[in-house]
Every structure is written in C-alpha cells, then in structure tokens.
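K.L.:
Residues 141 to 544 (my numbering) make up the sequence shown, in order. Note that the Cβ used here is the ideal one computed from N, Cα and C, for glycine as well.
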Amino acid sequence: MIPFSPPRIDKRVIDEVTKALESGWITTGPRTKEFEKKISAYCGVEHTVAVSSWTAGMEVMLRWLGITEGDEVILPAYTYCASANVILHCGAKPVMVDLNTSDFNISVDAIRKAITPRTKAVMGVDIGGFPCDYDEIYNLVNEEGIRSQFIPGNEIQKQLGRIAVLSDAAHSFGAKYKGRTSGSLADITVFSFHAVKNLTTAEGGAICLNMPSPFDNEQIYKDLCIKILHGQSKDALAKTQKGNWRYDVVEPGFKCNMTDIQAAIGLIELERYDSENLPRRKEIFDRYENGFKNDSWAILPPHTTEEKTSSYHLYLLRIDNITEGERDRIMQEIFDQDVSVNVHFQPLPILTAYKNLGYLIEDFPETWNKYHNEISLPVYYDLSDEQVDQVIGAVKRAVHQVKG
Ligand SMILES: *Cc1c(COP(=O)(O)O)cnc(C)c1O
Numbered sequence: 141m142i143p144f145s146p147p148r149i150d151k152r153v154i155d156e157v158t159k160a161l162e163s164g165w166i167t168t169g170p171r172t173k174e175f176e177k178k179i180s181a182y183c184g185v186e187h188t189v190a191v192s193s194w195t196a197g198m199e200v201m202l203r204w205l206g207i208t209e210g211d212e213v214i215l216p217a218y219t220y221c222a223s224a225n226v227i228l229h230c231g232a233k234p235v236m237v238d239l240n241t242s243d244f245n246i247s248v249d250a251i252r253k254a255i256t257p258r259t260k261a262v263m264g265v266d267i268g269g270f271p272c273d274y275d276e277i278y279n280l281v282n283e284e285g286i287r288s289q290f291i292p293g294n295e296i297q298k299q300l301g302r303i304a305v306l307s308d309a310a311h312s313f314g315a316k317y318k319g320r321t322s323g324s325l326a327d328i329t330v331f332s333f334h335a336v337k338n339l340t341t342a343e344g345g346a347i348c349l350n351m352p353s354p355f356d357n358e359q360i361y362k363d364l365c366i367k368i369l370h371g372q373s374k375d376a377l378a379k380t381q382k383g384n385w386r387y388d389v390v391e392p393g394f395k396c397n398m399t400d401i402q403a404a405i406g407l408i409e410l411e412r413y414d415s416e417n418l419p420r421r422k423e424i425f426d427r428y429e430n431g432f433k434n435d436s437w438a439i440l441p442p443h444t445t446e447e448k449t450s451s452y453h454l455y456l457l458r459i460d461n462i463t464e465g466e467r468d469r470i471m472q473e474i475f476d477q478d479v480s481v482n483v484h485f486q487p488l489p490i491l492t493a494y495k496n497l498g499y500l501i502e503d504f505p506e507t508w509n510k511y512h513n514e515i516s517l518p519v520y521y522d523l524s525d526e527q528v529d530q531v532i533g534a535v536k537r538a539v540h541q542v543k544g
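Printed below as a string of structure tokens:
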C-alpha cells in the first residue's frame, strides 16, 4: 500500500531526538528557542512563537487580538474544521465565504461582500500550499470606507485601526508570494507542524509575528511566551536557575508550549527543508503534471505563477464532469489498487457541527465545485518516481472504470 503522507523519520531525526532526551531537558528549552529563531530567519520575520499546534496558536492569537462574542471573522468555507473552531471557541462568528474560480483559495470579492462593522479579522487559508491574494486582502482592509466602519473593541484593535489579516499557513511553510516567504505575508501567520504537514514536529505549530508599526513585535513575543504558559512570569528553564524559584501569574493563560523533543525533530526538518524536502515535492508535482496533462478529464491544480510558488503540500487533482458519487467510486477503485488518496476538504457546511449552526453548502457554489470532484494524491519526501507512476496508473485505470 502506498500511504498518503507518512512523516520522514530517519537516523538523523532519531539521533537528534535522542540527544534531546539525553540532555535531560525535554520541555521548552534551548532547542525550542533555536527552532523559533531559525523559523524567523527562514520566514523573514523578527519573532516566532513555537506552540503545541496550529489550533492552539491561532486561538491564542484570536484571544490576544481580543476577538470575542459579537465579533465576526471571515474565512473560506473550504478549509479544515480547525480554522472555524478556534473562532467559535472565542465566542465569535465564523463568516464563511466562497472561493476564487482559478484556485482553491478565498475570494477577495467574497470577503468584500461579507465585511460588516463587526468584522475583526480575515483569515486566509493557503490551501495545498498556494498562497492567498494577500496584497488584495490588505488593499481591501485598508480602503478608507472599510477602515472607517471598523469599530475597535480594545487597545490592540484601536492601534491596528483596521480588520486584522491572518494567515492559516498550515499548508504553506516555504511558499512564496511576490518574493516574500509565507510567515511574513499577513499580520499574524500560524503554521501547523502536525505529522502530515510539509514540515513536522509530530504535533506542533508556530506563530509568526508581523504586526505593523507602531506595534512592538518583540514585546508581543515576550507577552505571548507568558500567555502560552499559564501567564507565568518565568518559564521552567528560568526557574531552574539557582534561587530563582519564585514566579508570578500575571493572567490566567493557556498551556500550549512546544517541547524540546518536538523542536529536535523540527530542527532537522528545517535544516534540510529547502535542499531536500521542497525540491522533491516539486519533482513529484511535476511528475503528476506530466502524467495527467494529456488527459482531457484531468483538471490540474495551480502551483506556480509569476507571483506565487506553492510549498507543494497537496496535489489537488480534479476530475472533470463527474458527480460526487462518481468521485467517491473512483477513490475506492484507487484504494483497491493499494494507493491511498484523500479529499481536501469536505467543505465545512456539509459537516454536522456547522450545518447545525445554519451554514448551507448551497451558499458556496465554487466551494462545492472544487470539492465534489477533487482527489488529493500522495506527496511526501520518500515517495519514489516508481510509486508516483504507480499512483498515476491507478488513477487513470480508476477514472476509466468509473467514467467508461
Ligand atoms: C492541519 C490544519 C490545521 C490544524 O493544524 P493542527 O496543528 O493540527 O492544529 C489548520 N488548518 C488547516 C488548513 C490544516 O490543514
């Protein structure tokens, strides 16, 4: 069986994890701090906070922004449930909008139509690793007519003076937009380092801080390090220093710090990300593209344009002119040939939790259009060319079986 997205675990990763264990320091410590600095350097931001997951990181940032009951956050209907759940956890309303026709990302026109005086943030999701239209989103939230209807709910929102631009970059570590790297494209970007993501720490995430002046990102970094550790004024490492036992709790904070064991995996992943991981992913994308480009039924995902370069996280193949049921049957035929495939994503409005909140898939035609005929193909470092060819063959046979 060809798996969908296994992590790359080799001797280098195992050795570094072993070293972390043998160091005697296994929670947040030197490796986590080094990982944060290296992510900042990679992404072109000054400060990054490593956390236990994307979900924890984004919720902390929504709360830091003061997003609460009565507020609205705009996001695409086509995303993973985490994107909406963190908004709901804060008591705010996820305002779902539809996609561009040309890619899988949130439509800026749809954002414009959804903005109200209650809108506090827009969350772009870089689906498959392909960056959203961030300049257009910034232009929109900076428009005079839109700024003037923004009602700040606290000092941070007042200082920002407009709708915050957030990036769900769970897929897009290493992606480029107009020469800049994902992490530096929004006010706040959150990465996921979950086991299936491009860069993994088993579970984990990172918050890249890119708040505009006059915000002091270094001060925000310091505040967040306290916020993610129960509001404790000293972390575990600081408390081990001789006689330095007393601490204060300055606010009832969260508990979502990254451990040095996780950071050990991440440091090795990051070190070889540009030299090994991304180039191999690109080769796999190119091989899929060549394999399907002459099939009239194949709709290939965009991954490189003049302005954008994907992180090649998901190969979102679509099959023209089929129903959702036919897509499901094609997937079964592919599985029967020992190839694992997936769907990214089941739109939130078709899932029970969001249906119960009143969201209707009929309101998101482009989201349905993208979802109903989509099949995600395996992409990971250890996938060989022969296996890619096996996937291509399995997909072709399955499509012909179902479509005739
Ligand atoms: C994986 C994923 C998340 C959640 O990441 P965790 O680290 O598991 O919390 C959020 N958004 C998208 C689009 C994802 O794919």
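Any chance the CB of W165 is under 8 Å from a heavy atom of ligand 1?
P.N.:
no
K.L.:
Note down, in chain order, each residue of its chain lying with its Cβ closer than 6 Å to the Cβ of H484, except the 5 sequence neighbours on either side.
P.N.:
L454, S516
K.L.:
For W385, does the count of other Cβ atoms within 10 angstroms reach 16, so buried, or fall short, so exposed?
P.N.:
exposed
K.L.:
Pick out whichever of F270, N482, N461, T329 has its Cα sitting closest to the Cα of T449.
P.N.:
F270
K.L.:
Along the beta strand (DSSP E) that carries T259, what are the first and last residues, could you check?
P.N.:
259-265
K.L.:
Output the boundary residues of the beta strand (DSSP E) element that contains S332.
P.N.:
328-332
K.L.:
For E514, which residues does DSSP report across the bridge?
P.N.:
For E514, the beta-bridge partners assigned by DSSP are R458.
K.L.:
Can you find a C-beta in chain B that's less than 9 Å from the C-beta of V235?
P.N.:
This model lacks chain B altogether, as it is built from one protein chain only.
K.L.:
Can you tell me whether DSSP reads P216 as helix, strand or coil?
P.N.:
P216 falls in the strand class under three-state DSSP.
K.L.:
Relative to the C-alpha of G498, which residue among P234, N245, K173 is closest?
P.N.:
Ranking the options by Cα distance to G498, first place goes to P234.
K.L.:
Identify the residues that DSSP records as bridge partners of M351: which are they?
P.N.:
Looking at the DSSP assignment, M351 forms no beta bridge with any residue, so it has no partner.
K.L.:
Could you check the C-alpha separation between S415 and Q402 for me, to the nearest Å?
P.N.:
The alpha-carbon atoms of S415 and Q402 are separated by roughly 21 Å.
K.L.:
What are the boundary residues of the beta strand (DSSP E) that includes K337?
P.N.:
Taken as a continuous stretch (DSSP letters only), K337 belongs to no beta strand (DSSP E), as it is neither H nor E.
K.L.:
Check each candidate in P143, I154, M141, V542 and name the one with the smallest Cα separation from T341.
P.N.:
I154
K.L.:
Are the Cβ atoms of F394 and A196 separated by less than 9 Å?
P.N.:
Pairing F394 with A196 gives a Cβ-Cβ distance under 9 Å.
K.L.:
Classify T188 as helix, strand or coil using the three-state DSSP reduction.
P.N.:
T188: strand per DSSP, three-state reduction.
K.L.:
So for Q372, helix, strand or coil by DSSP?
P.N.:
strand
K.L.:
Suppose the cutoff is 6 Å on Cβ atoms and the five residues either side in sequence are ignored; what does the same chain contact list for E473 look like?
P.N.:
A538, Q541
K.L.:
With DSSP as the reference, identify every bridge partner of K316, one or two as the case may be.
P.N.:
Answer by DSSP bridge pairing, in chain order: T321, T449.
K.L.:
Mapping the DSSP letters down to three states, classify M201 as helix, strand or coil.
P.N.:
helix
K.L.:
Am I right that G406 and F333 are in contact with their C-beta atoms under 8 Å? What's the rounded C-beta distance?
P.N.:
6 Å
K.L.:
Do you know offhand how far E276's Cα is from K260's?
P.N.:
17 Å
K.L.:
P146 and D522 look like a contact to me (Cβ under 8 Å); what is the Cβ gap, rounded to whole Å?
P.N.:
With 8 Å as the limit, P146 and D522 qualify as a contact, their Cβ atoms being about 7 Å apart.
K.L.:
Excluding sequence positions up to five away, which residues of its chain have a Cβ less than 7 Å from the Cβ of K298?
P.N.:
By the criterion of a C-beta distance shorter than 7 Å, K298 is surrounded in its chain by P292, once the five residues flanking it on both sides are discounted.
K.L.:
Helix, strand or coil: which one does DSSP assign to G164?
P.N.:
coil
K.L.:
What residue from P442, R258, G314 has the CA that sits closest to I207's CA?
P.N.:
With distances taken between Cα atoms, I207 lies closest to R258.
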